[in-house]
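If you read the sequence shown in numbering that gives the first Met the number 0, its first letter stands for residue 0, the second for the next number, and so on.
Idealized CB from N, CA, C, for every residue including glycine.
Remember, it's a predicted structure, so these values are computed and weren't measured experimentally.
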Amino acid sequence: MHSAFALSRTAQTGWYSSGHAMRRAAVVPHALVTRPAQRSPSLSVRSQADPHAGHAKLHDFCMTIPYGGVALLSGVLALVFKAPAVGLHLVGAGMVISLCSVLSIKAWKASSSSTPYTFVCAGSSGYIAYQMWQRVQASIAPVPSGILLALSAALAVFCVYNIIAGGNPPPAQKTAAA
Numbered sequence: 000m001h002s003a004f005a006l007s008r009t010a011q012t013g014w015y016s017s018g019h020a021m022r023r024a025a026v027v028p029h030a031l032v033t034r035p036a037q038r039s040p041s042l043s044v045r046s047q048a049d050p051h052a053g054h055a056k057l058h059d060f061c062m063t064i065p066y067g068g069v070a071l072l073s074g075v076l077a078l079v080f081k082a083p084a085v086g087l088h089l090v091g092a093g094m095v096i097s098l099c100s101v102l103s104i105k106a107w108k109a110s111s112s113s114t115p116y117t118f119v120c121a122g123s124s125g126y127i128a129y130q131m132w133q134r135v136q137a138s139i140a141p142v143p144s145g146i147l148l149a150l151s152a153a154l155a156v157f158c159v160y161n162i163i164a165g166g167n168p169p170p171a172q173k174t175a176a177a
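Below, the structure is given as structure tokens:
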């Protein structure tokens with residue numbers, strides 16, 4: 000009878016109600032007893048099986064190469080449409096990001112750290128985001144500036160994530176054919 004009351008009461012108040020644990024403890028006395036934390040032996044096996052353990056899920060150059068092209072194209076279009084100051088900033092930052100992307104690929108293939116290149120890409124895209132934020136605030140071409148602002152901020156956040164997560168995943172190891 001008590002469990003039927005608890006079941007109907009849980010259905011009325013929702014599964015995650017504050018009194019659920021107490022009702023569960025009344026039905027199952029050991030429900031509130033805590034046990035000391037034990038280290039799971041499968042945790043180390045799981046981290047060894049995951050190829051991305053200790054690394055970002057995506058390489059930095061997978062995002063920086065297309066973004067560098069967008070920044071370069073945006074800079075060229077700004078130069079064509081008579082915005083030379085912004086155009087030169089975009090072309091310069093796009094070239095820096097593209098160069099760092101190529102160097103990042105080379106470092107990744109050589110199994111060395113590409114964190115400095117990722118850091119430079121984050122700074123360059125952050126700079127572009129700041130420049131575009133100023134243009135949006137001044138209502139100078141707010142739609143293209145807003146789009147580039149969103150892309151630049153997203154890339155800067157991704158690059159910071161990549162650095163914090165431990166960098167690019169290592170290249171896949173080729174198995175020797177027997």
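Could you pull out every residue in the same chain whose Cβ sits closer than 6 Å to the Cβ of residue i, ignoring the five residues on either side in sequence?
{"i": "Gln172", "result": "none"}
{"i": "Ala106", "result": "Ser113"}
{"i": "Arg45", "result": "Bear in mind that the predicted position of Arg45 carries a pLDDT of just 42, short of 50, making it unreliable; the figure below should be weighed with that in mind. Result list for Arg45: empty, nothing under 6 Å."}
{"i": "His58", "result": "Asn167"}
{"i": "Ile226", "result": "The structure shown does not extend to residue 226, since the chain is modelled only from 0 through 177, so no value can be given for it."}
{"i": "Gly86", "result": "Gly74, Ala77, Leu78"}
Counting along the chain, where does the alpha helix (DSSP H) carrying residue i start and finish?
{"i": "Asn167", "result": "First-last for Asn167: undefined, no H or E at that position."}
{"i": "Ile139", "result": "Where Ile139 is concerned, there is no enclosing alpha helix (DSSP H), given that its DSSP letter is neither H nor E."}
{"i": "His88", "result": "83 to 108"}
{"i": "Ala77", "result": "60 to 79"}
Considering only the alpha carbon of each residue, which of the options lies closest to residue i?
{"i": "Met94", "options": "Ile146, Tyr160, Gly67, Gln136", "result": "Gly67"}
{"i": "Tyr116", "options": "Leu57, Ser110, Lys81, Leu98", "result": "Leu98"}
{"i": "Gly74", "options": "Pro141, Val101, Ile127", "result": "Ile127"}
{"i": "Ala155", "options": "Trp132, Phe118, Ile139, Gly145", "result": "Phe118"}
{"i": "Ser178", "options": "Phe157, Leu150, Phe60, Ser138", "result": "Missing from the structure shown is residue 178; the chain here goes from 0 to 177 and no further."}
{"i": "Ile139", "options": "Thr63, Ala70, Pro65, Ala82", "result": "Ala82"}
{"i": "Leu76", "options": "Cys158, Ile163, Pro143", "result": "Pro143"}
{"i": "Val135", "options": "Ile163, Leu147, Val90", "result": "Leu147"}
{"i": "His132", "options": "Ala121, Cys120, Gly145", "result": "The question names His, but residue 132 is Trp in the sequence shown. Ranking Ala121, Cys120, Gly145 by Cα distance to Trp132 puts Gly145 first."}
{"i": "Ile163", "options": "Ala121, Gly91, Pro141, Ile96", "result": "Ala121"}
{"i": "Leu71", "options": "Ala137, Val90, Ile96", "result": "Val90"}
Using 8 Å as the cut-off, classify the Cβ of residue i as near or not near the heavy atoms of the ligand GDP, replying yes or no.
{"i": "Asn161", "result": "You won't find the ligand GDP in this model; it holds no ligand whatsoever."}
Return the chain-ordered list of same chain residues with a C-beta closer than 8 Å to the C-beta of residue i, the five sequence neighbours on each side being excluded.
{"i": "Lys108", "result": "Pro170"}
{"i": "Gly165", "result": "Gly53, His54, Ala55"}
{"i": "Tyr160", "result": "Ala55"}
Less than 8 Å between the CB atoms is what I'm expecting for residue i and residue j, so what's the real figure, rounded?
{"i": "Asn167", "j": "His54", "result": "6 Å"}
{"i": "Ser124", "j": "Cys158", "result": "7 Å"}
Residues in its own chain within less than 7 Å of residue i by CB, not counting five upstream and five downstream?
{"i": "Leu42", "result": "For Leu42, the predicted structure reports a pLDDT of 43, less than 50, and the residue's modelled location is therefore unreliable. The matter cannot be settled from this model."}
{"i": "Leu150", "result": "Tyr66, Val69"}
{"i": "Ala152", "result": "Ala128"}
{"i": "Met62", "result": "Leu154, Phe157"}
{"i": "Pro141", "result": "Val135"}
{"i": "Ala92", "result": "Ala70, Ser123, Tyr126, Ile127"}
Tell me, please, whether the CB atom of residue i is closer than 9 Å to any CB atom in chain C?
{"i": "Val142", "result": "Considering every chain present, this structure includes no chain C. It has just one protein chain."}
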